[in-house]
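Asks:
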Amino acid sequence: MVSLARAGSSGIELQATYRTTSDGLAFFLAPNGSQVPDDSGGECLGLISTCSSSDTTGLAIVAVEFDTYLNNWDPSDNHVGINVNSIRSVAYITLSKSIKNGSKVNARVTYNSQTRYLSLFLTYDDNPVFNRNDSTLSYKIDLSMVLPEWVTVGLSSSTGGFTEIQTFFHGSSTQLKFHPSETTQLKFHPSKTKLAEEEVGRA
92 MVSLARAGSS GIELQATYRT TSDGLAFFLA PNGSQVPDDS GGECLGLIST CSSSDTTGLA
152 IVAVEFDTYL NNWDPSDNHV GINVNSIRSV AYITLSKSIK NGSKVNARVT YNSQTRYLSL
212 FLTYDDNPVF NRNDSTLSYK IDLSMVLPEW VTVGLSSSTG GFTEIQTFFH GSSTQLKFHP
272 SETTQLKFHP SKTKLAEEEV GRA
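This is how it looks when you write it as structure tokens:
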């Protein structure tokens with residue numbers, strides 16, 4: 092596997108169109124060629140079919156969610172979480188600042204193949220500088236045990252009874268960097284099927 096980092100100025104805005112926000116969005120890694128599953132609207136974020144089910148047989152997905160709607164398994168309607176083969180987060184944190192009022196949030200997701208930590212870094216527009224030693228949320232996971240050799244990377248979102256405006260900023264200085272280990276040869280190909288997705292793998 093490889094260490095990866097999204098660098099530069101990349102951000103999101105989530106804002107309710109009515110008094111109640113919708114379900115948010117997620118940055119995800121899934122097997123290459125994955126399709127949007129049936130019955131994955133609303134709280135499923137377009138990632139998992141019938142996500143209220145506890146049956147995870149055959150699933151292979153890792154996601155970082157920006158959740159702005161309170162479902163019965165959520166800690167709050169203003170949290171970020173790391174999800175593994177489920178819409179229920181294995182690690183999460185309720186944020187002290189709102190991510191659903193239209194404020195710009197800068198996000199960086201990293202994975203270190205040596206320490207096996209998947210980490211999320213968040214900053215806000217009033218103080219956008221990332222502190223590389225202070226992640227907002229981290230979870231130790233061996234991605235090679237969950238995902239296949241080739242994966243699709245992307246953003247996913249869905250709505251239920253409510254809607255919200257979601258804006259993704261991809262700054263001109265933003266790039267996806269991969270740091271191969273000494274024994275890993277990395278291949279990187281733009282996805283041909285979906286906008287704002289990459290295909291990542293190793294030889």
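Here the numbering used here runs 91 ahead of the position in the sequence shown, where the first position is 1. Virtual Cβ for every residue (Gly too), placed ideally from N, Cα, C.
Between SER235 and SER229, what straight-line distance do the alpha-carbon atoms span, to the nearest angstrom?
Replies: Cα to Cα, the separation comes out at about 17 angstroms.
Asks: How should GLU240 be labelled, buried or exposed, when 16 other C-beta atoms within 10 angstroms of its C-beta is the threshold for buried?
Replies: It is exposed - the Cβ of GLU240 has fewer than 16 other Cβ atoms within 10 Å.
Asks: Indicate, with yes or no, if the ligand MG has a heavy atom lying under 7 angstroms from the CB of ILE152.
Replies: Ligands in the displayed structure: none, and consequently the ligand MG is not present.
Asks: How is the beta strand (DSSP E) around LEU246 delimited, first residue to last?
Replies: Element bounds for LEU246: 242–248.
Asks: Quick one: what does DSSP say SER125 is sitting in, helix, strand or coil?
Replies: Three-state DSSP puts SER125 in coil, outside helix and strand.
Asks: Classify LYS191: buried if its beta carbon has 16 or more other beta carbons within 10 angstroms, exposed otherwise.
Replies: It is buried - the Cβ of LYS191 has at least 16 other Cβ atoms within 10 Å.
Asks: Taking the straight line between their C-alpha atoms, what separation do you get for ILE173 and ARG179?
Replies: Whole-angstrom Cα-Cα distance: 8 angstroms.
Asks: Counting C-beta neighbours from all protein chains within 10 Å, is the total for SER210 16 or more, i.e. buried, or is it exposed?
Replies: SER210 comes out buried.
Asks: Could you say which of ALA154, TYR183, ASN176 lies nearest to ASP165 if we only look at CA atoms?
Replies: When each option's Cα is compared against that of ASP165, the closest is TYR183.
Asks: On the DSSP bridge assignment, give the partners of ALA198 in chain order.
Replies: Per DSSP, LEU213.
Asks: Near TYR208, what residues of its chain come up, given a Cβ to Cβ distance below 6 angstroms and the 5 sequence neighbours on each side ignored?
Replies: So the list reads SER229, LYS231, once near-sequence residues are dropped.
Asks: What's the call for ASP233, buried or exposed, on a 16-neighbour Cβ count within 10 Å?
Replies: Answer is exposed; the Cβ neighbour count stays below 16.
Asks: Whose C-alpha, out of VAL200, ASN218, ALA117, is nearest the C-alpha of SER194?
Replies: Per the Cα distances, ASN218.
Asks: Taking VAL313 as the reference, give the member of THR243, GLY137, THR214 with the closest Cα.
Replies: Since the displayed the chain opens at 92 and closes at 294, residue 313 lies outside it and no answer follows.
Asks: Just curious, the beta strand (DSSP E) that SER229 is in, first and last residue?
Replies: 228–231 is the span of the beta strand (DSSP E), which, as asked, contains SER229.
Asks: Going straight from the alpha carbon of ASN222 to that of LYS188, what length do you get?
Replies: Approximately 17 angstroms, taken between the alpha carbons.
Asks: Can you name the residues that DSSP bridges to LEU120?
Replies: In DSSP, LEU120 forms a bridge with VAL153, VAL244.
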